[in-house]
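Numbering (full-length UniProt numbering), first residue to last: 1 to 717. The beta-carbon is built from N, C-alpha and C at its ideal position, and this holds for glycine as well. What follows is one structure encoded as structure tokens, with my remarks underneath.
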Amino acid sequence: MAAAARDLVLRSGASDMEEEEGSLGGGPGLQEPLQLGELDITSDEFILDEVDVHIQANLEDELVKEALKTGVDLRHYSKQVELELQQIEQKSIRDYIQESENIASLHNQITACDAVLERMEQMLGAFQSDLSSISSEIRTLQEQSGAMNIRLRNRQAVRGKLGELVDGLVVPSALVTAILEAPVTEPRFLEQLQELDAKAAAVREQEARGTAACADVRGVLDRLRVKAVTKIREFILQKIYSFRKPMTNYQIPQTALLKYRFFYQFLLGNERATAKEIRDEYVETLSKIYLSYYRSYLGRLMKVQYEEVAEKDDLMGMEDTAKKGFFSKPSLRSRNTIFTLGTRGSVISPTELEAPILVPHTAQRGEQRYPFEALFRSQHYALLDNSCREYLFICEFFVVSGPAAHDLFHAVMGRTLSMTLKHLESYLTDCYDAIAVFLCIHIVLRFRNIAAKRDVPALDRYWEQVLALLWPQFELILEMNVQSVRSTDPQRLGGLDTRPHYITRRYAEFSSALVSINQTIPNERTMQLLGQLQVEVENFVLRVAAEFSSRKEQLVFLINNYDMMLGVLMERAADDSKEVESFQQLLNARTQEFIEELLSPPFGGLVAFVKEAEALIERGQAERLRGEEARVTQLIRGFGSSWKSSVESLSQDVMRSFTNFRNGTSIIQGALTQLIQLYHRFHRVLSQPQLRALPARAELINIHHLMVELKKHKPNF
Numbered sequence: 001m002a003a004a005a006r007d008l009v010l011r012s013g014a015s016d017m018e019e020e021e022g023s024l025g026g027g028p029g030l031q032e033p034l035q036l037g038e039l040d041i042t043s044d045e046f047i048l049d050e051v052d053v054h055i056q057a058n059l060e061d062e063l064v065k066e067a068l069k070t071g072v073d074l075r076h077y078s079k080q081v082e083l084e085l086q087q088i089e090q091k092s093i094r095d096y097i098q099e100s101e102n103i104a105s106l107h108n109q110i111t112a113c114d115a116v117l118e119r120m121e122q123m124l125g126a127f128q129s130d131l132s133s134i135s136s137e138i139r140t141l142q143e144q145s146g147a148m149n150i151r152l153r154n155r156q157a158v159r160g161k162l163g164e165l166v167d168g169l170v171v172p173s174a175l176v177t178a179i180l181e182a183p184v185t186e187p188r189f190l191e192q193l194q195e196l197d198a199k200a201a202a203v204r205e206q207e208a209r210g211t212a213a214c215a216d217v218r219g220v221l222d223r224l225r226v227k228a229v230t231k232i233r234e235f236i237l238q239k240i241y242s243f244r245k246p247m248t249n250y251q252i253p254q255t256a257l258l259k260y261r262f263f264y265q266f267l268l269g270n271e272r273a274t275a276k277e278i279r280d281e282y283v284e285t286l287s288k289i290y291l292s293y294y295r296s297y298l299g300r301l302m303k304v305q306y307e308e309v310a311e312k313d314d315l316m317g318m319e320d321t322a323k324k325g326f327f328s329k330p331s332l333r334s335r336n337t338i339f340t341l342g343t344r345g346s347v348i349s350p351t352e353l354e355a356p357i358l359v360p361h362t363a364q365r366g367e368q369r370y371p372f373e374a375l376f377r378s379q380h381y382a383l384l385d386n387s388c389r390e391y392l393f394i395c396e397f398f399v400v401s402g403p404a405a406h407d408l409f410h411a412v413m414g415r416t417l418s419m420t421l422k423h424l425e426s427y428l429t430d431c432y433d434a435i436a437v438f439l440c441i442h443i444v445l446r447f448r449n450i451a452a453k454r455d456v457p458a459l460d461r462y463w464e465q466v467l468a469l470l471w472p473q474f475e476l477i478l479e480m481n482v483q484s485v486r487s488t489d490p491q492r493l494g495g496l497d498t499r500p501h502y503i504t505r506r507y508a509e510f511s512s513a514l515v516s517i518n519q520t521i522p523n524e525r526t527m528q529l530l531g532q533l534q535v536e537v538e539n540f541v542l543r544v545a546a547e548f549s550s551r552k553e554q555l556v557f558l559i560n561n562y563d564m565m566l567g568v569l570m571e572r573a574a575d576d577s578k579e580v581e582s583f584q585q586l587l588n589a590r591t592q593e594f595i596e597e598l599l600s601p602p603f604g605g606l607v608a609f610v611k612e613a614e615a616l617i618e619r620g621q622a623e624r625l626r627g628e629e630a631r632v633t634q635l636i637r638g639f640g641s642s643w644k645s646s647v648e649s650l651s652q653d654v655m656r657s658f659t660n661f662r663n664g665t666s667i668i669q670g671a672l673t674q675l676i677q678l679y680h681r682f683h684r685v686l687s688q689p690q691l692r693a694l695p696a697r698a699e700l701i702n703i704h705h706l707m708v709e710l711k712k713h714k715p716n717f
């Protein structure tokens with residue numbers, strides 16, 4: 001069986017090789033044998049080992065394995081397979097013959113489809129050629145359409161330009177009728193005037209380009225322009241002349257002119273000579289009106305000023321008993337009034353600052369009088385209000401701005417402003433009311449801010465000129481007061497007492513007035529001048545205090561004056577101002593010194609012993625206290641027997657010495673507090689070992705009992 005299988009494999013391998021040869025090159029017409037080289041197993045060089053490998057590989061085939069297992073004869077099996085293949089082939093041929101009609105029909109159908117597809121191909125080719133011709137026609141039409149659009153746009157542009165040109169040059173009958181016949185106050189005259197202005201501008205532009213058609217309408221437009229200029233000139237001059245009528249409120253026709261501000265713009269563009277004539281006439285008329293109005297108002301306003309005003313000799317350092325010459329003017333009934341602010345400061349409050357101006361004849365009928373700063377506010381508020389209105393009118397009606405507006409404004413208001421400055425300069429030469437001048441300075445500073453908020457810079461130079469007059473006069477008056485205090489001789493002031501001096505009261509009122517005003521808009525120069533005045537007043541107080549014989553009276557005088565000045569300053573100035581801090585320090589120092597001076601007569605021995613004992617203890621010499629037993633005993637018994645009467649006398653003395661009861665209460669409180677502290681220190685000294693066994697210690701007053709008793713002597717107000 002193995003030999004047969006091997007023979008079968010060899011045969012099958014040989015047959016496979018033959019089939020491969022046939023497939024590779026054994027076809028009909030190929031006479032040349034295939035050269036296999038090393039693969040040729042028929043050659044003598046065939047290697048048996050490779051054949052064995054091939055046979056072994058065939059034996060691994062599943063079909064061969066099955067045949068060998070069943071013991072089938074491979075030759076017989078091969079023939080059977082060939083027979084089956086022949087049967088299948090014959091069956092396939094029969095099936096093909098049976099389906100030949102269908103195959104033929106399918107062939108015919110395929111042929112017909114090919115014909116249809118060929119016709120469709122021809123049709124699509126024709127369509128493609130037609131579309132190609134249509135595309136070229138569309139491109140041609142598109143090019144023609146683009147060219148037509150360009151020609152259309154060009155013609156429309158030309159038509160638009162020609163239309164604008166014709167519309168700009170043609171003078172409609174409505175324009176001619178309105179300019180020639182309509183009153184200037186009618187709206188249609190203003191509308192057609194604007195149209196005439198536009199056409200005149202268009203004609204001038206086209207003439208510059210050399211357009212010949214402008215000559216056809218130039219004559220008509222010139223005649224219409226002359227007519228319009230004539231009517232406008234008459235109308236505006238009539239309005240300006242109406243300002244000159246007595247008792248006329250010129251603001252009403254001024255407001256009416258703003259409705260027709262285009263009239264002046266038309267004149268400015270078409271007839272500059274007439275425009276200049278109208279502007280000059282307006283400037284001349286309003287300049288005279290303002291000057292006349294303010295000169296009259298200022299004269300009447302000064303008649304309602306207080307009759308009593310500060311004079312050159314009404315200075316802080318002048319004594320009330322000073323007499324003047326026989327021919328001199330009577331002095332103020334009370335010089336203190338010119339150093340007191342009172343209600344005068346309300347003039348710079350927001351409500352009063354922009355209040356209605358004063359009406360002099362109404363004030364005269366009511367016999368009302370006002371300080372200079374109130375008159376100054378009223379005058380300058382009227383000036384501010386009218387100047388702002390005038391500046392805005394000039395800018396809007398005459399179409400000017402910047403330097404041109406400034407020049408035109410000063411042409412109108414310059415004479416009035418100069419007259420006001422001269423009047424102020426003349427008044428200030430005899431003005432010695434520092435508070436009035438300082439209030440005027442702050443009025444100007446506030447009015448300047450208001451003008452800036454209203455966007456009216458035309459008055460800036462005027463405000464600077466006013467301040468240039470006010471500041472030097474204010475500084476001069478302050479320096480005169482400083483000098484008057486510096487040169488005051490206490491011996492010429494008559495009888496002196498420990499109450500606050502009238503000069504220090506003047507200073508307190510004056511300084512608090514200026515400080516409270518200056519706090520709103522601080523100025524360093526003012527604070528420097530007030531600092532100089534304060535130094536001189538402090539020196540003056542010290543000079544007057546030196547006139548008293550006892551130190552106690554000197555201290556009482558100093559404390560009364562410092563306390564009075566501090567109280568007045570704190571009513572108006574801030575608590576952290578330099579003046580308040582300075583006088584507070586002076587008052588505290590002199591109060592402490594007075595308390596020590598007050599305690600010295602009744603308790604001087606106790607004070608001296610406590611200080612000496614504490615010094616010895618501090619130096620480590622406490623043993624020396626043993627020799628002070630008799631002195632200590634005397635102090636203990638003396639204090640115990642007299643402290644109540646001494647405290648009572650002390651309290652009465654303080655209350656008689658100080659005009660301010662609150663200050664007196666504070667001094668008594670400080671004195672009692674210092675007495676308790678002194679007695680407490682005395683207790684500590686007696687607790688030293690050297691004095692602890694002293695029999696008199698039993699007579700010491702309990703410190704808490706002393707505090708309770710002293711509280712009974714504290715005055716209540």
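Beta-carbon separation (whole angstroms), residue i vs residue j, contact threshold 8 Å
i, j, result
"I441", "L467", "7 Å"
"P379", "L301", "Correcting the residue type first, residue 379 is Gln in the shown sequence and not Pro. That pair is a contact at about 6 Å."
"K245", "I179", "That pair is no contact at about 30 Å."
"Q217", "V176", "What sits at residue 217 in the sequence shown is Val, not Gln. Not really, about 11 Å apart at Cβ, beyond 8 Å."
Residue i - containing alpha helix (DSSP H), residue span
i, result
"T520", "Looking at the DSSP string, T520 is not in any alpha helix (DSSP H), and its letter there is neither H nor E."
"T248", "T248 -> no alpha helix (DSSP H), and no H or E assigned at all."
"M570", "R551 to R572"
"C395", "F372 to F397"
"A178", "S173 to E181"
"S292", "R272 to L301"
"residue 727", "Any answer about residue 727 is impossible in this case: the structure gives the chain only from 1 up to 717."
"K711", "I703 to K711"
"Y306", "Element bounds for Y306: n/a, residue is neither H nor E."
"L650", "E629 to S657"
Beta-carbon proximity list for residue i, same chain, < 8 Å, skipping 5 on both sides
i, result
"L421", "Y462, Q465, V466 and L469"
"C395", "S401 and A405"
"Q305", "R369, Y370, P371, F372 and L375"
"L635", "G605, L606, F609 and F682"
"S666", "T591"
"H410", "L417 and A458"
Local Cβ density within 10 Å of residue i, reported as buried at 16 or more and exposed below that
i, result
"R684", "exposed"
"K323", "With a pLDDT of 43 at K323, under the threshold of 50, the modelled position of this residue cannot be trusted, and the question is left open."
"K199", "buried"
"M123", "exposed"
"T504", "buried"
"C431", "buried"
"R155", "exposed"
"E579", "buried"
"Q128", "exposed"
"G27", "Residue confidence for G27 is low, a pLDDT of 41 falling below 50, so the modelled location carries little weight; the figure read from the coordinates is stated next. It is exposed - the Cβ of G27 has fewer than 16 other Cβ atoms within 10 Å."
"L417", "buried"
"H501", "buried"
"L117", "exposed"
"E82", "exposed"
"V708", "exposed"
"G664", "buried"
Own chain, CB closer than 7 Å to residue i, minus 5 neighbours either side, in chain order
i, result
"S657", "T498 and V556"
"C388", "A451, R454 and V456"
"E45", "Note that E45 has pLDDT 47, beneath the 50 cutoff, so the model's placement of it is unreliable and the number below is only indicative. Contacts found: none."
"R697", "L686"
"D73", "none"
"A508", "M564, M565, V568 and L569"
"S23", "Model confidence at S23 stands at a pLDDT of 40, short of 50, so the residue's coordinates are unreliable; what they give is reported in the following sentence. Result list for S23: empty, nothing under 7 Å."
"E281", "L237 and I240"
Contact set for residue i: own chain, Cβ-Cβ below 6 Å, skip 5 residues either direction
i, result
"L360", "Contrary to the premise, residue 360 reads as Pro rather than Leu in this sequence. Cβ neighbours of P360 beyond the five flanking positions: R300, L301 and V304."
"P490", "R543, V544 and E547"
"L286", "V412"
"R233", "T274"
Does the count of Cβ pairs from the segment 533-541 and the segment 677-692 closer than 8 Å reach three?
The answer is no - the segment 677-692 does not touch the segment 533-541, with fewer than three Cβ pairs under 8 Å.
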